[in-house]
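Engineer: Residue numbering for the sequence shown is 643 to 936, as defined by the numbering used here. Heads up, the beta-carbon is just placed ideally off N, CA and C, and yes, glycines get one too. Keep in mind that this is a model prediction, so the values were computed, not measured.
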Amino acid sequence: MAAIDAQTMPATLPCLICESRNPSEAVVCSECCAPMALIHDALSQDRDPCIVTVIGESNVGKTVYLGMLLDMLSKRADDFEAIPKGAYSVNLQHTVVSYLSARQFPPKTAMEADLWQWAYYQVSRRNENSMIYDLVMPDMAGEAIAAEVSSPQTFKVIRSLLEKSRGAVLLVDAAMAGVGSPQPDFFALKLMSYIDGVVATSPNQRISSPVAIVLSKSDYTPESFDNPRAFAKTNLNRLWNICESRFEHFEFFATSVVGSLGFGSDEYENVIPYPLHVAPRGIIEPLDWVLSKL
């Protein structure tokens with residue numbers, strides 16, 4: 643992908659996600675609503691960016707996980723170096739950290755694709771020979787993902803993202819799975835089946851793109867930290883089976899962000915959880931594993 647200066651900027655540019663052509667001055671893609679700033683920033687890097695898609699159902703913790711991941715990377719956790727390519731890339735982590743600092747969870751991600759927050763980061767290890775990855779990660783609404791899985795092409799941006807993704811991070815609610823709810827297992831099974839349908843080019847082909855399955859809210863199920871694979875095989879057996887049958891590279895990781903919770907109620911007497919203490923654990927390991935498989 644060649645660099646383009648201001649004098650030679652064409653009248654239209656292809657969207658980085660869906661490749662629809664848009665006026666070069668457009669703010670978002672008219673087809674998939676991805677920010678056109680992505681293509682401008684990608685052109686300046688003179689190489690194709692690496693897309694890693696973070697997916698999961700509603701209320702599984704995607705926004706908090708992704709915001710915390712980006713914040714830890716930007717603070718050089720585990721000796722990573724992460725540079726945002728565009729000020730818009732900082733918005734998500736800024737929102738998440740600000741809410742957690744105020745002992746609140748961030749609001750739910752809007753279902754409308756043009757309201758999603760996107761992050762474009764240049765990530766590498768802090769050594770001379772480390773490979774540089776230009777990571778593009780959007781914070782997608784779980785309801786939108788569910789709608790696309792149930793009725794493909796409802797949100798074209800999701801399919802386009804997965805088609806272009808080098809890897810994926812799938813969040814699954816370990817707290818619900820640990821108490822015997824089948825919902826996390828069924829939804830994860832649907833998502834993996836959807837990915838299989840999008841990526842596979844033949845019925846017998848196993849998917850080579852790495853998928854990290856993140857057992858979110860694992861502070862509710864401490865045993866998942868001891869052996870994430872054993873926890874998944876026992877409590878998410880349907881997910882385990884499709885991974886083993888259709889995916890060459892998959893791994894399970896236990897993660898948590900909140901160290902302790904408090905509970906209150908709103909004016910309608912709904913129970914509201916409050917993060918009293920932030921203690922991130924197992925946040926960077928899934929991305930580190932995905933990058934090691936690329």
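1) In whole angstroms, give me the CA-to-CA distance for ASP827 and GLU785.
2) If you drop the 5 nearest sequence neighbours on each side, which residues of the same chain put their C-beta closer than 8 Å to that of PRO915?
3) What does PRO677 pair with, by DSSP beta-bridge criteria?
4) Can you grab the Cα-Cα spacing for the pair GLU939 / ALA788, in whole Å?
5) Output the boundary residues of the beta strand (DSSP E) element that contains ALA816.
6) Would you kindly work out how many angstroms separate the C-alpha atoms of LEU918 and SER844, rounded to a whole number?
7) Suppose you measure from the CA of MET834 to the CA of ASP683; what does that come to, to the nearest Å?
8) Apart from the five residues on each side of it in sequence, which residues of its chain come closer than 7 Å, Cβ to Cβ, to PRO870?
9) I believe PHE722 touches VAL694 by the beta-carbon criterion, under 8 Å. Please report the beta-carbon distance rounded to the nearest angstrom.
10) What residue range is occupied by the uninterrupted beta strand (DSSP E) comprising ALA724?
11) In this structure, how does DSSP classify THR751 when only helix, strand and coil are distinguished?
12) Going by C-alpha to C-alpha distance, which of LEU757, PRO677 and ASN701 sits closest to LYS727?
13) Can you check which of these residues, GLN825, VAL840 and ARG767, is closest to VAL791 by C-alpha distance?
14) Which residues in the same chain as ALA679 place their Cβ atom closer than 7 Å to its Cβ, once the five residues preceding and following it in sequence are excluded?
15) In angstroms, rounded to a whole number, what distance separates the CA positions of TYR763 and LEU804?
16) Using only CA atoms, which one of HIS736, VAL706 and ASN879 lies nearest to GLY820?
17) Measure from the alpha carbon of TRP882 to the alpha carbon of each residue in ASN846, TYR862, ILE697 and LEU831, then state which is nearest.
18) Span of the beta strand (DSSP E) holding PRO656?
19) With DSSP run on the structure shown, which of helix, strand or coil describes CYS692?
20) Out of ILE800, ALA842, PRO852 and ALA817, state which residue places its alpha-carbon closest to the alpha-carbon of PHE867.
21) Can you tell me where the alpha helix (DSSP H) holding PHE905 begins and where it ends?
22) Could you round the C-beta distance between VAL739 and GLY703 to whole angstroms and report it? I think they count as a contact, below 8 Å.
23) Grouping DSSP H, G and I as helix and E and B as strand, with all else coil, what is SER850?
24) Have a look at TRP599 and CYS674 and give me their C-alpha separation to the nearest angstrom.
25) Kindly indicate which residue of ASP720, TYR741, ASN733 and SER807 has the alpha-carbon position closest to the one of ARG660.
Structural biologist: Inspection of the coordinates gives the following:
1) 17 Å
2) PHE747, LEU903, GLY904 and PHE905
3) VAL670
4) As shown, the chain starts at 643 and ends at 936. That puts residue 939 outside it, with no answer to give.
5) No beta strand (DSSP E) holds ALA816; the alpha helix (DSSP H) holding it covers 816 to 820.
6) Roughly 49 Å between the two C-alpha positions.
7) MET834 and ASP683 have their C-alpha atoms spaced approximately 31 Å apart.
8) Sequence-distant partners of PRO870 (beyond 5 residues in either direction) whose C-beta falls short of 7 Å from its own C-beta, in its chain, are LEU857, PHE894, PHE895 and ALA896.
9) PHE722 to VAL694, Cβ: 14 Å. No contact.
10) 722 to 726
11) coil
12) PRO677
13) VAL840
14) GLY728 and TYR730
15) The alpha-carbon atoms of TYR763 and LEU804 are separated by roughly 18 Å.
16) ASN879
17) LEU831
18) 654 to 656
19) Of the three classes helix, strand and coil, the one that applies to CYS692 here is strand, per DSSP.
20) ALA817
21) Note, PHE905: premise wrong, no alpha helix (DSSP H); beta strand (DSSP E) at 898 to 907.
22) Actually they are not in contact, since the Cβ atoms of VAL739 and GLY703 sit about 15 Å apart, beyond 8 Å.
23) coil
24) There is simply no residue 599 to check, as the chain begins at 643 and stops at 936 in what is shown.
25) It should be noted that the sequence gives Cys, not Arg, for residue 660. Nearest of ASP720, TYR741, ASN733 and SER807 to CYS660, Cα basis: SER807.
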